[in-house]
Structures are given as structure tokens and as C-alpha cells.
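1 is the number of the first residue of the sequence shown in UniProt numbering; add one for each residue after it.
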Amino acid sequence: MLNRLISLFAGKQHNPAAVALYRCIVEQARQPDFYTRHGVPDSLDGRFDMIVLHTFLVMRRLRNIVGQGGDQLSQDLFDLLFADMDNNLREIGVGDLGVGKRVKKMAQAFYGRVEAYEAGLLATDDAILTDALTRNLYGTTQPALPNQLAMAAYMRFAGTQLAGQTDTKILAGNVVFPAAPA
1 MLNRLISLFA GKQHNPAAVA LYRCIVEQAR QPDFYTRHGV PDSLDGRFDM IVLHTFLVMR
61 RLRNIVGQGG DQLSQDLFDL LFADMDNNLR EIGVGDLGVG KRVKKMAQAF YGRVEAYEAG
121 LLATDDAILT DALTRNLYGT TQPALPNQLA MAAYMRFAGT QLAGQTDTKI LAGNVVFPAA
181 PA
């Protein structure tokens, strides 16, 4: 997987920090426990949603880095995410005419999830966040409440852990996520 990411970005002038962040995001999103222990669908939709969830958490942290390039790094990360989605669609055989439409739908889905997850994290209880997870991360399944609650707690903990990491490390493309929930 990481070799495919390297080849996706080879020959292009991408922000090295954004590439490093995206690698961390994809690696974390692919942790088996999310799928085997917490009911995230092991499908294209489920994997997309796990990447979106982790990208959201990193971009949320980047938003707090003012005047040091956090906004640009966030945009670069977004661009890499959708370059990868475009590449993935082509690899599974979606034709050139269909890729643009699907990427547009994925971008709309991304923004909807960002809005829903932000509202959920700002809420004082987990009802809004678990509802957002039900509609999005678990949108193609019938999730068990313990899985939803574990993922909500994971998102809150990951956000706190990212907040505790230095701006310098994050701007260099180094983030550390907590382990998938037990």
C-alpha cells in the first residue's frame, strides 16, 4: 500500500509534509482492529470513511496552527487525499468519464462528514457524534452501540492526542495516532 502511495506521488512536486501526513493517516486507517473489533465495514466505503475520519482529525489539528503554514498544509493534504481517491477509482476500472463525477461525490461526502464530525466533537455528550458515525462510518451496516461509543471515544482521544503534539512535528509531517480502541 505505501509503495502505491509513493508511486502515486512520484514525479510530482507535492509537499513532503503532506505526503508524510497522508501516509500516517492511511496506515492508521488500515489498522485491522477497526474492522475486526469495531465493526467498520471492510469495504471500499469503510476504508474511505476511515481515511476521511483520520484526515478530518489531522486537518482539525492543522487549523490550530495559525501563521505557520497549517492552512496550506491542510489544503495540500486534502489535495493528496483526492489524488489518491482518483487513482484508486482508476485502478478498480472506473473510466475517465466516471472518475470526475465520483470524485466530486466523494468530496461532497468528505465535507458532509467534516461538518458532522465537528459538530459531534463540539457537543458535550456523544449523541451527536455517535449519530454522525452511524450515518457515515457505519452507513452501510447496522452498527452495535458499543462500537459506535468506542469509535466516538477514539475520535475524542485521538483529537486530544493530536492537540498535544507540537506544531513543529505536525508541520514536518509527523503525527502519532493512538491505538485502535480495545
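Glycine included, C-beta positions come from ideal geometry on N, C-alpha and C.
Remember, predicted model here, so these are calculated numbers, not experimental data.
Secondary structure of residue i, DSSP reduced to three states
| i | result |
| --- | --- |
| Leu-137 | coil |
| Thr-124 | coil |
| Asp-45 | helix |
| Ala-87 | At residue 87 the sequence reads Asn, which differs from the Ala that was named. Three-state DSSP puts Asn-87 in a helix. |
| Ala-172 | coil |
| Ile-65 | coil |
| Phe-177 | coil |
| Ser-7 | Unreliable placement is indicated for Ser-7, whose pLDDT of 49 sits below 50; the coordinate value is still reported in the next sentence. Ser-7 falls in the helix class under three-state DSSP. |
| Val-52 | helix |
| Gln-75 | helix |
| Gly-70 | helix |
| Thr-166 | coil |
| Gly-112 | helix |
| Val-40 | coil |
| Val-119 | First, the amino acid is wrong: residue 119 is Ala here, not Val. Helix. |
Element boundaries [alpha helix (DSSP H), containing residue i]
| i | result |
| --- | --- |
| Gln-161 | 145–163 |
| Asp-33 | 32–36 |
| Val-26 | 16–29 |
Distance, residue j Cα to residue i Cα
| i | j | result |
| --- | --- | --- |
| Arg-156 | Leu-122 | 10 Å |
| Ala-20 | Ile-170 | 10 Å |
| Glu-27 | Ala-153 | 20 Å |
| Gln-142 | Gly-164 | 34 Å |
| Asp-126 | Glu-118 | 12 Å |
| Asn-147 | Asp-167 | 31 Å |
| Phe-177 | Asp-45 | 21 Å |
| Glu-115 | Leu-53 | 11 Å |
| Arg-47 | Asp-84 | 13 Å |
| Leu-149 | Asp-42 | 19 Å |
| Ile-25 | Asp-49 | 12 Å |
| Leu-73 | Leu-133 | 26 Å |
| Ala-17 | Thr-130 | 31 Å |
| Asp-71 | Asn-64 | 9 Å |
| Leu-57 | Leu-162 | 8 Å |
| Phe-82 | Leu-145 | 31 Å |
| Tyr-138 | Pro-181 | 16 Å |
| Thr-140 | Ala-179 | 24 Å |
CB contact below 8 Å: residue i versus chain C
| i | result |
| --- | --- |
| Ser-43 | Annotation note: the requested chain C is absent from the structure, which comprises a single protein chain. |
- Evaluate contact between the region 26–37 and the region 102–110, counting only Cβ atoms and requiring at least three cross-stretch pairs below 8 Å. No: fewer than three Cβ pairs fall under 8 Å.
Spell out a yes or no on whether the region 103–122 and the region 75–85 are touching, meaning 3 or more CB-CB pairs, one atom from each, closer than 8 Å.
Cβ pair count under 8 Å is three or more, so yes.
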